[in-house]
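Novice: What the sequence shown shows, in numbering that gives the first Met the number 0, is residues 0 to 186, in sequence order.
The beta-carbon is built from N, C-alpha and C at its ideal position, and this holds for glycine as well.
Pasting in a structure now, in structure tokens, and then I'll have a few things to ask.
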Amino acid sequence: MHLKHQTQTGFTLIELMVTIAIAAILLSMAIPSFTNAIAGNRLTTAANELVTALNLARSEAVKRGHPVVVRKTGAQWENGWRVFVDIDRATAASQNDFGGTDIELRIFPALPGGYTLRGNNNFTNFIRYEPDGLSNNIGSFLLCNNGNIVGARLMIVNAVGRLRMGSDADNNGIPEGDNNAEITSCI
Numbered sequence: 000m001h002l003k004h005q006t007q008t009g010f011t012l013i014e015l016m017v018t019i020a021i022a023a024i025l026l027s028m029a030i031p032s033f034t035n036a037i038a039g040n041r042l043t044t045a046a047n048e049l050v051t052a053l054n055l056a057r058s059e060a061v062k063r064g065h066p067v068v069v070r071k072t073g074a075q076w077e078n079g080w081r082v083f084v085d086i087d088r089a090t091a092a093s094q095n096d097f098g099g100t101d102i103e104l105r106i107f108p109a110l111p112g113g114y115t116l117r118g119n120n121n122f123t124n125f126i127r128y129e130p131d132g133l134s135n136n137i138g139s140f141l142l143c144n145n146g147n148i149v150g151a152r153l154m155i156v157n158a159v160g161r162l163r164m165g166s167d168a169d170n171n172g173i174p175e176g177d178n179n180a181e182i183t184s185c186i
């Protein structure tokens with residue numbers, strides 16, 4: 000009886016180890032960029048929450064024929080904010096506190112830890128939209144992750160109350176304002 004000798008096929012241990020080493024090297028290069036992409040998406044999501052609030056306030060002011068206010072709920076904007084119809088206008092414009100006959104439309108929760116959200120001097124505490132859709136002022140909001148200006152999101156409210164995102168014209172990761180000057184601080 001004659002037995003046929005079959006050649007074994009497959010990977011040797013050395014080939015398998017080399018393949019795993021190459022895969023590990025490629026993964027170690029891809030993970031940091033993937034982490035940055037996730038962080039950028041989370042920051043965009045947080046910025047979109049404020050954009051949602053501002054757009055809601057503007058549309059509700061026009062629809063209801065009363066001023067609508069977006070006001071921070073804590074010491075800083077990142078602690079959350081509320082949108083309400085300012086029916087009675089019982090408080091000074093600098094306060095714009097919710098109360099009296101005001102109608103609460105929505106409360107937005109605090110942003111994730113490590114985020115800073117600041118309104119410039121015009122929007123330190125609140126922004127009000129009038130029944131014609133105009134804002135009480137022009138200004139901007141800046142959202143940063145861990146105080147890092149690179150990758151920050153800038154939301155600009157113009158003279159007619161329209162909102163737009165700041166752009167990064169020179170592609171260095173830092174948004175520029177209306178005057179084409181880069182934002183310098185997240186504080």
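Looking at Glu-59: is its Cβ nearer than 8 angstroms to the Cβ of Val-84?
Specialist: Your numbering for residue 59 matches position 60 in the sequence shown. Your numbering for residue 84 matches position 85 in the sequence shown. Yes, these two residues count as a Cβ contact at 8 angstroms.
Novice: Taking Cβ to Cβ, would you say Ile-137 is nearer than 8 angstroms to Asn-147?
Specialist: For the purposes of this step, residue 137 is taken as the residue at position 138 of the sequence shown. For the purposes of this step, residue 147 is taken as the residue at position 148 of the sequence shown. No, the Cβ-Cβ distance between Ile-137 and Asn-147 is not below 8 angstroms.
Novice: Just to confirm the assignment: which complete beta strand (DSSP E) runs, minimum length 3, are found wholly within the segment 101 to 133?
Specialist: Here the runs fully enclosed are 102 to 107, 114 to 118, 125 to 128.
Novice: In angstroms, rounded to a whole number, what distance separates the CA positions of Glu-103 and Ala-46?
Specialist: Locating residue 103 in the sequence shown gives position 104, where the first residue counts as 1. Locating residue 46 in the sequence shown gives position 47, where the first residue counts as 1. In a straight line, the C-alpha of Glu-103 is about 21 angstroms away from that of Ala-46.
Novice: Distance check for Met-164 and Ala-180, CA to CA, integer angstroms please.
Specialist: Your numbering for residue 180 matches position 181 in the sequence shown. Your numbering for residue 164 matches position 165 in the sequence shown. Taking the straight line joining both Cα atoms gives about 15 angstroms.
Novice: What residue range does the beta strand (DSSP E) around Ala-151 cover?
Specialist: If you number the sequence shown from 1, residue 151 lands on position 152. It spans 147 to 156 - the beta strand (DSSP E) in which Ala-151 sits, taken as one unbroken run.
Novice: What's the call for Val-190, buried or exposed, on a 16-neighbour Cβ count within 10 Å?
Specialist: One cannot answer for residue 190 here, as it falls past the ends of the chain, which runs 0 to 186.
Novice: Kindly list the residues whose CB is nearer than 8 angstroms to the CB of Ala-52, restricted to its own chain and excluding five residues on each side of it in sequence; keep chain order.
Specialist: Residue 52 sits at position 53 when you count from the first residue of the sequence shown. Answer for Ala-52: Val-69, Trp-80, Val-82, Arg-105, Phe-107, listed in chain order.
Novice: Decide if Asn-54 is buried, meaning its Cβ has at least 16 other Cβ atoms within 10 Å, or exposed.
Specialist: Reading the sequence shown from its first residue, position 55 is the one you call residue 54. Counting Cβ neighbours within 10 Å, Asn-54 comes out exposed, since fewer than 16 surround it.
Novice: Taking all protein chains shown into account, decide if Gly-64 is buried (16 or more other Cβ within 10 angstroms of its Cβ) or exposed.
Specialist: For the purposes of this step, residue 64 is taken as the residue at position 65 of the sequence shown. Exposed, since its Cβ has fewer than 16 Cβ neighbours within 10 Å.
Novice: Could you tell me the distance, in whole angstroms, from the CA atom of Ser-139 to the CA atom of Ile-126?
Specialist: Residue mapping note: residue 139 aligns to position 140 of the sequence shown, counting from 1. Residue mapping note: residue 126 aligns to position 127 of the sequence shown, counting from 1. Computed Cα separation, rounded: 10 angstroms.
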